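Chemist: Protein chains in written order, with our numbering: chain A, 41 to 186; chain B, 10 to 338. Where a beta carbon is used, it is the ideal one built from N, C-alpha and C, also for glycine. What you are looking at is a predicted structure, and each value in this text was computed from that prediction instead of being measured.
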Amino acid sequence: MNKKKYKEIVDNHTPKENRLFNCFVSFFIGGIMGLIGQLLVEGYSYYLDISTKEASTFMIITLIFLGCLFTSLGFFDKWVGFAKCGLIIPITGFAHAMMSTALEYRKEGLVTGLGASMFKLAGSVIIFGVVSAYVFGLLRLLIIGG
Amino acid sequence: MTFKYKNVYLNETSTITGPFEEKGPLARFFDKSYQEFYFEKKTWEQAESKLLEESIEILLNKLGKSKQEIDLLIAGDLLNQLVSTNYAATNLAIPLIGIYGACSTSCLGILIASNMVDKKQIKNAIVSVSSHNNAAEKQFRQPVEYGGPKPKTATFTTTGGASCYISGSSSTIKIDSATLGTPIDMGIKDAFHMGAVMAPAAAETIIKHLRNTYQDINDYDLILTGDLGRYGKDILKEYLVNEYGVEANNLDDSACMIYDLDKQNVYAGGSGPACLPLVTYGYILNQMNKKRLKRVLLVATGALLSQATVNEKMSIPAIAHAVSLEVVE
Numbered sequence: 041m042n043k044k045k046y047k048e049i050v051d052n053h054t055p056k057e058n059r060l061f062n063c064f065v066s067f068f069i070g071g072i073m074g075l076i077g078q079l080l081v082e083g084y085s086y087y088l089d090i091s092t093k094e095a096s097t098f099m100i101i102t103l104i105f106l107g108c109l110f111t112s113l114g115f116f117d118k119w120v121g122f123a124k125c126g127l128i129i130p131i132t133g134f135a136h137a138m139m140s141t142a143l144e145y146r147k148e149g150l151v152t153g154l155g156a157s158m159f160k161l162a163g164s165v166i167i168f169g170v171v172s173a174y175v176f177g178l179l180r181l182l183i184i185g186g
Numbered sequence: 010m011t012f013k014y015k016n017v018y019l020n021e022t023s024t025i026t027g028p029f030e031e032k033g034p035l036a037r038f039f040d041k042s043y044q045e046f047y048f049e050k051k052t053w054e055q056a057e058s059k060l061l062e063e064s065i066e067i068l069l070n071k072l073g074k075s076k077q078e079i080d081l082l083i084a085g086d087l088l089n090q091l092v093s094t095n096y097a098a099t100n101l102a103i104p105l106i107g108i109y110g111a112c113s114t115s116c117l118g119i120l121i122a123s124n125m126v127d128k129k130q131i132k133n134a135i136v137s138v139s140s141h142n143n144a145a146e147k148q149f150r151q152p153v154e155y156g157g158p159k160p161k162t163a164t165f166t167t168t169g170g171a172s173c174y175i176s177g178s179s180s181t182i183k184i185d186s187a188t189l190g191t192p193i194d195m196g197i198k199d200a201f202h203m204g205a206v207m208a209p210a211a212a213e214t215i216i217k218h219l220r221n222t223y224q225d226i227n228d229y230d231l232i233l234t235g236d237l238g239r240y241g242k243d244i245l246k247e248y249l250v251n252e253y254g255v256e257a258n259n260l261d262d263s264a265c266m267i268y269d270l271d272k273q274n275v276y277a278g279g280s281g282p283a284c285l286p287l288v289t290y291g292y293i294l295n296q297m298n299k300k301r302l303k304r305v306l307l308v309a310t311g312a313l314l315s316q317a318t319v320n321e322k323m324s325i326p327a328i329a330h331a332v333s334l335e336v337v338e
């Protein structure tokens, strides 16, 4: 049997992922994350009497802390499995990627394990985040002049 | 290549599992199960090594033999450089052949041991395999606590250790022949669809075994593959019909038996070198001893990939080895 015909058999027996449902769940939970973030910003700026910009930083720190805490407590991976990009794309996903890797490699030593491997997943986010910020910043400068 | 054996028997087996297998439908057939994944050790690697070592200790206890009486240990696992095997064998101090055949390791080990016992090069051998879900996740996929989303075709690495004792002294289960598989590559690149990767290798080995031993597929009460998963099993059946015109109604897959696929969150089923032997040594041999099954063909399938080859988008070769068991009247 040639590879093409075999691929047809495989495709026939491969279940379809429910993309529409997954998109909806991610969209919905991502939206809730946005709402929580906004409430935190409003709350911090109201009760601590600080500017929205400062409150945003506080909000990010809070979400990162919660992401790391829930990952360490061992149940955030189950939430991520369900919500998928709804929790991966927001800052909680970044915290989760760093924390889970740190937990995994801590036993291989502080320098050779944790330090060396902590950015295994998050490294790509940082690199391509910086690259895309540069590209889009440049585009913005060229199109609307800064 | 098929080997026929005159005087090789599977005398005794042992199984040890983690918490997921203990919640599965075959739980009562296992010798021992742990409730947590560390098995009282500090790291996943140490935990898996303990599984292998303890399964051998249980086996020796059942046999009433000391480790000095064992001529050879053939063992394998999934971790880089076979660390589970090497550390366990170091603690046990039994002569070792460490083998890697991914999830096909169990049948490969039985085949090598049977050849040596049949030729009287050794009196007896222990064949052991282990796999550990978290150790495999760490090595092949993501950190355990990351738990990124997976497609439905993914499989769940079994946590367990399984050992068997093979010798020339007779018992109810005879190993009558075994077929060594050839690696084949059907161009599948998806590391989350191992069933599709391995099904053609399983088919080829099954057909080769039947032809070389002049048998029909219905001469076996059960053809047990391990571990294609629920979709891989269907692919194998259709492939057998299309390519060889063979209808396999007596075919089942250990990946679909070790867990309750409807209730446990294990995607397409179990995987890992320990999956097939756990099901076989626990459940299948029990059925054979009760004479409900008389002839069983074990077909262990392995996907021969590494994390690097997956990242480099190379297609994944697979291999399958078959071992034929029969009840001695």
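How far does the beta strand (DSSP E) with H330 of chain B in it reach, from first residue to last?
Modeler: Taken as a continuous stretch (DSSP letters only), the beta strand (DSSP E) holding H330 of chain B covers A327 to V336.
Chemist: Within a Cβ cutoff of 7 Å, which residues of the same chain sit near L154 of chain A, ignoring the five residues on either side of it in sequence?
Modeler: If we look at L154 of chain A and ignore the five residues flanking it on each side, its Cβ neighbours are A142, Y145 and R146.
Chemist: Quick check on S91 of chain A: does DSSP put it in helix, strand or coil?
Modeler: Coil at S91 of chain A, not helix or strand.
Chemist: Against chain B, which members of the segment 136 to 158 of chain A pass a CB distance test of less than 8 Å?
Modeler: Against chain B - using a Cβ distance shorter than 8 Å - the residues of the segment 136 to 158 of chain A are H136, A137, M139, S140, T141, L143, E144, Y145 and K147.
Chemist: Starting from G27 of chain B, find everything on chain A with Cβ-Cβ shorter than 7 Å and list it in chain order.
Modeler: None at all; the shortest Cβ gap to chain A is about 16 Å.
Chemist: To the nearest angstrom, how far is the alpha carbon of I131 of chain B from that of A102 of chain B?
Modeler: The alpha-carbon atoms of I131 of chain B and A102 of chain B are separated by roughly 17 Å.
Chemist: Assign S263 of chain B to one of three DSSP states: helix, strand, or coil.
Modeler: In the structure shown, S263 of chain B sits in a helix (DSSP, three-state: H, G or I).
Chemist: For A205 of chain B, which option in B:K246, B:N258, B:S115 and B:Q148 has the closest C-alpha, if you only look at C-alpha atoms?
Modeler: For the residues B:K246, B:N258, B:S115 and B:Q148, the minimum Cα distance to A205 of chain B belongs to B:K246.
Chemist: By how many angstroms is the C-alpha of T167 of chain B removed from the C-alpha of G27 of chain B?
Modeler: Those two C-alpha atoms are separated by around 8 Å.
Chemist: Should N142 of chain B go down as buried or exposed, given a rule of 16 or more other Cβ atoms within 10 Å for buried?
Modeler: Answer is buried; the Cβ neighbour count reaches 16.
Chemist: Hey, would you say S93 of chain B sits closer than 7 Å to S58 of chain B, going by beta carbons?
Modeler: Closer than 7 Å, so yes.
Chemist: Establish whether the CB of T234 of chain B and some CB of chain A are separated by less than 7 Å.
Modeler: So no, T234 of chain B is outside the interface.
Chemist: Decide if I101 of chain A is buried, meaning its Cβ has at least 16 other Cβ atoms within 10 Å, or exposed.
Modeler: The residue is exposed, with fewer than 16 neighbouring Cβ atoms inside 10 Å.
Chemist: Only counting runs of 3 or more residues, tell me where the beta strand (DSSP E) segments fall wholly within the segment 81 to 107 of chain B, in order along the chain.
Modeler: With a minimum length of 3 residues, the continuous beta strand (DSSP E) runs that stay inside the segment 81 to 107 of chain B are 81 to 85 and 105 to 107.
Chemist: So the beta strand (DSSP E) K183 of chain B belongs to, where does it begin and stop?
Modeler: Counting along the chain, the beta strand (DSSP E) containing K183 of chain B begins and ends at I182 to T188.
Chemist: Comparing alpha-carbon positions, which option in B:A283, B:Y253 and B:E252 lies nearest S263 of chain B?
Modeler: Looking at the Cα atoms, B:A283 is the closest of the given residues.
Chemist: Please name the residues in the segment 93 to 117 of chain A whose beta-carbon is closer than 9 Å to at least one beta-carbon of chain B, in chain order.
Modeler: Here the close residues are T111, S112, G114, F116 and D117.
Chemist: Just to confirm, are L19 of chain B and I182 of chain B a CB contact at a threshold of 7 Å?
Modeler: Yes, they are a contact pair.
Chemist: Among all the DSSP beta bridges, which residues are the ones paired with I151 of chain A?
Modeler: Rather than Ile, the amino acid found at residue 151 of chain A in this sequence is Val. BP columns for V151 of chain A are empty, so no partner.
Chemist: By the 7 Å beta-carbon criterion, what residues does the segment 241 to 252 of chain B contribute toward chain A?
Modeler: Within the segment 241 to 252 of chain B, the residues whose Cβ lies closer than 7 Å to some Cβ of chain A are D243, I244, E247, Y248, N251 and E252, listed in chain order.
Chemist: Along chain A, in chain order, which residues have C-beta atoms closer than 9 Å to that of H202 of chain B?
Modeler: The contacting residues are V50 and T54.
Chemist: For the beta strand (DSSP E) containing F12 of chain B, list its first residue and its last residue.
Modeler: Per DSSP, F12 of chain B belongs to the beta strand (DSSP E) from T11 to K13.
Chemist: So what does DSSP say about S140 of chain A, is it helix, strand or coil?
Modeler: If DSSP states are grouped into helix, strand and coil, S140 of chain A belongs with the helices.
Chemist: List the endpoints of the continuous alpha helix (DSSP H) containing T214 of chain B.
Modeler: It spans M203 to N221 - the alpha helix (DSSP H) in which T214 of chain B sits, taken as one unbroken run.
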